[in-house]
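Number of protein chains: 2
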Amino acid sequence: MGNRIITISRQFGSGGRTVGKELAAKLGIPCYDAEIITKIAEESGFDPEYVKERGEYANGGSWLAHAFSDRDRNGHSYQDDLWAIQRKIILELAEKGPCVIVGRCADYILRDNPDCLRVFIHADMESRAKRIVEQYGERSDAPAKRLKDKDKHRAAYYQFYTEMKWGAVENYHVTLNSGVLGIEKCVDILAGLY
Amino acid sequence: MGNRIITISRQFGSGGRTVGKELAAKLGIPCYDAEIITKIAEESGFDPEYVKERGEYANGGSWLAHAFSDRDRNGHSYQDDLWAIQRKIILELAEKGPCVIVGRCADYILRDNPDCLRVFIHADMESRAKRIVEQYGERSDAPAKRLKDKDKHRAAYYQFYTEMKWGAVENYHVTLNSGVLGIEKCVDILAGLY
Chain A
1 MGNRIITISR QFGSGGRTVG KELAAKLGIP CYDAEIITKI AEESGFDPEY
51 VKERGEYANG GSWLAHAFSD RDRNGHSYQD DLWAIQRKII LELAEKGPCV
101 IVGRCADYIL RDNPDCLRVF IHADMESRAK RIVEQYGERS DAPAKRLKDK
151 DKHRAAYYQF YTEMKWGAVE NYHVTLNSGV LGIEKCVDIL AGLY
Chain B
1001 MGNRIITISR QFGSGGRTVG KELAAKLGIP CYDAEIITKI AEESGFDPEY
1051 VKERGEYANG GSWLAHAFSD RDRNGHSYQD DLWAIQRKII LELAEKGPCV
1101 IVGRCADYIL RDNPDCLRVF IHADMESRAK RIVEQYGERS DAPAKRLKDK
1151 DKHRAAYYQF YTEMKWGAVE NYHVTLNSGV LGIEKCVDIL AGLY
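Just so you know, the sequences run in chain order A and B. Taking the numbering used here, the leading residue of the first sequence gets 1, the next gets one more, and so forth. Taking the numbering used here, the leading residue of the second sequence gets 1001, the next gets one more, and so forth.
This is the structure:
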């Protein structure tokens, strides 16, 4: 067995990123997330703000709009460049050594890597709404609507580049409801599988 | 916290039933599966063979056919009686004490029980095909087709009575790929959550 990679996909507000960070800390391996954005930006020459705005986290559907607009005559877009660079970086990181990678379709990109554990973290709407207001400091009005919007964009991004369904049980080795189990228990289970 | 119930839904050939049995043995609590069929048959006055044939495991689509045919003037069928009795028994078993319940839409029936951990066990087609031939003694020709048929009927039965999607990640607290993790690891994780 070579390097051991854990990819974490997650619903917005499920605490999946926290699970990833705590898991990596517990295992003494790096966790890649914002780091990847920076690296993408550096390698690509894209402005980091551009990458942040148009990556997976794009608000208001801008990534999707840009995925279809902004295309040259060959149907090529900045989004596609970003995807290609991101893919390359994730493959390199996985090659480099054991790590946790949160989001970025890493589960799909590393689907042929036999040493990759694919995880999905989700939670009920109520726990997630509570979390985004309390932990992420989001506005407390209509959090359910914002959660649905975020999920929708994340799912659309995933499906656009992977042709797979985001959050479909068969794509993952383990899925955990962090709202019911709690963050610590999720970290424990995953550490036990490493 | 009152009784603690673990419901296990599973893809055919994933070894979910074995996980349930081994988990229950490890925790020293009962596992209900074939026992439920017998109890349903006894209480309902249905012939046990009838129940076996037309329950969740029905082959060749017979349960679905019977769900729509065999109805009286009020649109009522034997299937519905069976469902009602099964539901009653599962609620009683959950009331009686901690246990593992495999299949039978128990996750849905106990959805309002706060002490119920809902689990889904699945595996890739290759592991399942290997398992049904080696462990269940099924014919070795075209196992993938039979697996798909079984899943299809199980999903249809679930959806018919629950109006929920079988195997959808949000219905479960934990989903595990037994093909990658192995039966023992699945049992360990679930025992750790009890």
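The beta-carbon is built from N, C-alpha and C at its ideal position, and this holds for glycine as well. None of these values were measured; they are calculated from a predicted model.
**Study point:** Neighbour flag for valine 100 (chain A) against chain B, beta carbons, 8 Å
**Key:** Counted from its first residue, the first sequence places residue 100 (chain A) at position 100. It does not; no Cβ of chain B falls within 8 Å.
Review point. So, asparagine 1177 (chain B) versus histidine 1122 (chain B), is the Cβ gap smaller than 8 Å?
Key: In the second sequence, residue 1177 (chain B) corresponds to position 177, counting from 1. In the second sequence, residue 1122 (chain B) corresponds to position 122, counting from 1. Taking 8 Å as the Cβ cut-off, asparagine 1177 (chain B) and histidine 1122 (chain B) qualify as a contacting pair.
Review point. By Cβ distance, which residues of its chain are closer than 6 Å to glycine 1192 (chain B), with the 5 residues on each side in sequence left out?
Key: Translated into positions along the second sequence, residue 1192 (chain B) becomes position 192. Hits under 6 Å: none found.
Practice item. Could you pull out every residue in the same chain whose Cβ sits closer than 6 Å to the Cβ of glycine 1020 (chain B), ignoring the five residues on either side in sequence? Key: In the second sequence, counting from the first residue as 1, residue 1020 (chain B) sits at position 20. By the criterion of a C-beta distance shorter than 6 Å, glycine 1020 (chain B) is surrounded in its chain by Ile1008, Cys1031, Val1100 and Val1102, once the five residues flanking it on both sides are discounted.
Practice item. Look at the alpha carbon of glycine 97 (chain A) and the alpha carbon of isoleucine 36 (chain A), and state the distance between them as a whole number of angstroms. Key: Locating residue 97 (chain A) in the first sequence gives position 97, counting from the first residue. Locating residue 36 (chain A) in the first sequence gives position 36, counting from the first residue. Each residue's alpha carbon lies about 15 Å from the other.
Check your understanding: Name the chain A residues whose beta carbon is nearer than 9 Å to that of isoleucine 1189 (chain B)?
Key -> For the purposes of this step, residue 1189 (chain B) is taken as the residue at position 189 of the second sequence. Simply Val174, Ile189, Gly192 and Leu193.
Check your understanding: Mind checking if glutamate 170 (chain A) is an interface residue toward chain B, Cβ cutoff 8 Å exclusive?
Key -> Position 170 of the first sequence, counted from the first residue, corresponds to residue 170 (chain A). Cβ-Cβ to chain B under 8 Å: yes for glutamate 170 (chain A).
**Study point:** beta strand (DSSP E) runs contained entirely in the stretch 108-188 of chain A, provided each spans 3 or more residues
**Key:** The qualifying runs are 116-122 and 174-177.
Point to revise | Span of the alpha helix (DSSP H), counted from its first residue to its last, around isoleucine 1089 (chain B) | key: What you label residue 1089 (chain B) is simply residue 89 of the second sequence in a count that begins at 1. 1078-1096 is the extent of the alpha helix (DSSP H) around isoleucine 1089 (chain B).
Check your understanding: Does the beta-carbon distance from isoleucine 189 (chain A) to isoleucine 1189 (chain B) come in below 8 Å?
Key -> By one-based count along the first sequence, residue 189 (chain A) stands at place 189. By one-based count along the second sequence, residue 1189 (chain B) stands at place 189. For isoleucine 189 (chain A) and isoleucine 1189 (chain B), yes; Cβs fall inside 8 Å.
**Study point:** Interfacial residues, the stretch 8-30 of chain A to chain B, with Cβ spacing under 8 Å
**Key:** none
Point to revise | Same chain, Cβ closer than 8 Å to lysine 1026 (chain B), neighbours up to 5 away in sequence not counted | key: As a position in the second sequence, residue 1026 (chain B) is number 26, starting the count at 1. Only Val1187 and Ala1191 meet the Cβ criterion.
Check your understanding: Would leucine 93 (chain A) pass as a contact of isoleucine 109 (chain A) if the rule is Cβ separation under 8 Å?
Key -> On the first sequence, position 93 is the one that residue 93 (chain A) refers to. On the first sequence, position 109 is the one that residue 109 (chain A) refers to. No, the Cβ-Cβ distance between leucine 93 (chain A) and isoleucine 109 (chain A) is not below 8 Å.
Practice item. Please list the partners that phenylalanine 120 (chain A) has in chain B, where partner means a Cβ-to-Cβ separation under 7 Å. Key: Position 120 of the first sequence holds residue 120 (chain A). Neighbours of phenylalanine 120 (chain A) on chain B, chain order: Val1169.
**Study point:** alanine 84 (chain A) versus arginine 118 (chain A): straight-line alpha-carbon distance, rounded
**Key:** The residue given as residue 84 (chain A) occupies position 84 in the first sequence. The residue given as residue 118 (chain A) occupies position 118 in the first sequence. About 21 Å.
Point to revise | Bounding residues of the alpha helix (DSSP H) (the contiguous stretch that carries arginine 10 (chain A)) | key: Counting from 1 along the first sequence, the entry for residue 10 (chain A) is found at position 10. Taken as a continuous stretch (DSSP letters only), arginine 10 (chain A) belongs to no alpha helix (DSSP H), being part of the beta strand (DSSP E) at 5-10.
Check your understanding: Hey, is valine 180 (chain A)'s beta-carbon within less than 8 Å of any beta-carbon in chain B?
Key -> What you label residue 180 (chain A) is simply residue 180 of the first sequence in a count that begins at 1. Valine 180 (chain A) counts as touching chain B.
**Study point:** Beta bridge counterpart(s) of cysteine 1031 (chain B) as assigned by DSSP
**Key:** Locating residue 1031 (chain B) in the second sequence gives position 31, counting from the first residue. Note: cysteine 1031 (chain B) sits in a beta bridge opposite B:Val1100.
Review point. When DSSP labels each residue in this structure, what does glycine 1015 (chain B) get in the three-state scheme?
Key: Translated into the one-based positions of the second sequence, residue 1015 (chain B) becomes position 15. In the structure shown, glycine 1015 (chain B) sits in coil (DSSP, three-state: anything other than H, G, I, E or B).
Review point. Can you find a CB in chain A that lies within less than 8 Å of the CB of aspartate 1080 (chain B)?
Key: For the purposes of this step, residue 1080 (chain B) is identified with residue 80 of the second sequence, where counting begins at 1. Not one chain A Cβ lies under 8 Å of aspartate 1080 (chain B).
Exercise for review: For arginine 1104 (chain B), collect the residues of the same chain with a Cβ closer than 7 Å to its Cβ; drop the 5 residues on either side in sequence, then sort them by chain order.
Suggested key: Here the question's residue 1104 (chain B) lines up with position 104 in the second sequence. So the qualifying residues of the chain are Ile1036, Glu1056, Gln1086 and Ile1090.
Check your understanding: Does the beta carbon of leucine 110 (chain A) fall short of 7 Å from some heavy atom of the ligand MG?
Key -> With respect to small molecules bound, the structure shown includes none, and the ligand MG cannot be examined in it.
Check your understanding: Quick one: is glycine 61 (chain A) buried, meaning 16 or more other Cβ sit within 10 Å of its Cβ, or exposed?
Key -> For this step, residue 61 (chain A) is matched to residue 61 along the first sequence. At glycine 61 (chain A), the pLDDT of 49 sits below 50, so the modelled position is not reliable and the matter cannot be decided from this model.
**Study point:** Member of A:Gly15, A:Leu82, A:Gly16 and A:Gly13 whose CA lies at the smallest distance from the CA of glutamate 43 (chain A)
**Key:** Along the first sequence, one-based indexing puts residue 43 (chain A) at 43. Comparing Cα-Cα distances from glutamate 43 (chain A) to each of A:Gly15, A:Leu82, A:Gly16 and A:Gly13, the minimum goes to A:Leu82.
Exercise for review: Within the same chain, show all residues whose beta-carbon is closer than 7 Å to that of proline 143 (chain A), passing over the 5 residues directly before and after it, in chain order.
Suggested key: Sequence index remark: in the first sequence, residue 143 (chain A) carries index 143 (1-based). Cβ neighbours of proline 143 (chain A) beyond the five flanking positions: Ala129, Ile132 and Val133.
Review point. Under the rule that 16 or more other beta-carbon atoms within 10 Å means buried, what is glutamate 22 (chain A), buried or exposed?
Key: Here residue 22 (chain A) refers to the residue found at position 22 when the first sequence is read from its first residue. Looking at its Cβ environment, which holds 16 or more other Cβ atoms inside 10 Å, glutamate 22 (chain A) is buried.
Check your understanding: If you drop the 5 nearest sequence neighbours on each side, which residues of the same chain put their C-beta closer than 7 Å to that of threonine 1018 (chain B)?
Key -> The sequence position of residue 1018 (chain B) within the second sequence is 18, counting from 1. Once the five neighbours on either side are set aside, the close Cβ partners of threonine 1018 (chain B) are Ile1183.
Check your understanding: Between asparagine 113 (chain A) and chain B, is there a C-beta pair that is closer than 8 Å?
Key -> The count along the first sequence starts at 1 and reaches residue 113 (chain A) at position 113. Asparagine 113 (chain A) does not count as touching chain B.
Practice item. Return the chain-ordered list of same chain residues with a C-beta closer than 6 Å to the C-beta of tyrosine 1136 (chain B), the five sequence neighbours on each side being excluded. Key: Here residue 1136 (chain B) is taken as the residue at index 136 of the second sequence, counted from 1. Counting only Cβ-Cβ distances below 6 Å, and skipping sequence neighbours, we find nothing.
Review point. If you draw a straight line from the alpha carbon of lysine 39 (chain A) to that of lysine 1150 (chain B), how long is it in whole angstroms?
Key: As a position in the first sequence, residue 39 (chain A) is number 39, starting the count at 1. As a position in the second sequence, residue 1150 (chain B) is number 150, starting the count at 1. Their backbone Cα atoms lie some 46 Å apart in a straight line.
Practice item. Quick one: residues in its chain with C-beta nearer than 6 Å to the C-beta of glutamate 1138 (chain B), no 5 flanking neighbours on either side, listed in chain order? Key: The residue labelled residue 1138 (chain B) in the question sits at position 138 within the second sequence. Excluding residues within five positions, the ones whose Cβ falls inside 6 Å are Ile1132.
Review point. Can the beta-carbon of lysine 165 (chain A) be found closer than 8 Å to that of glutamine 159 (chain A)?
Key: Position 165 of the first sequence, counting from 1, holds the residue named residue 165 (chain A). Position 159 of the first sequence, counting from 1, holds the residue named residue 159 (chain A). Contact flag set, yes.
**Study point:** Three-way DSSP call (helix, strand, coil) for glycine 1020 (chain B) in this model
**Key:** As a working mapping, residue 1020 (chain B) is identified with position 20 in the second sequence. Note: glycine 1020 (chain B) maps to helix in three-state DSSP.
Review point. If glycine 179 (chain A) sits next to serine 140 (chain A), beta carbons under 8 Å apart, how far is it from one beta carbon to the other, in whole angstroms?
Key: By 1-based counting over the first sequence, the position of residue 179 (chain A) is 179. By 1-based counting over the first sequence, the position of residue 140 (chain A) is 140. Their Cβ separation, rounded to whole angstroms, is 18 Å, which puts glycine 179 (chain A) and serine 140 (chain A) out of contact at 8 Å.
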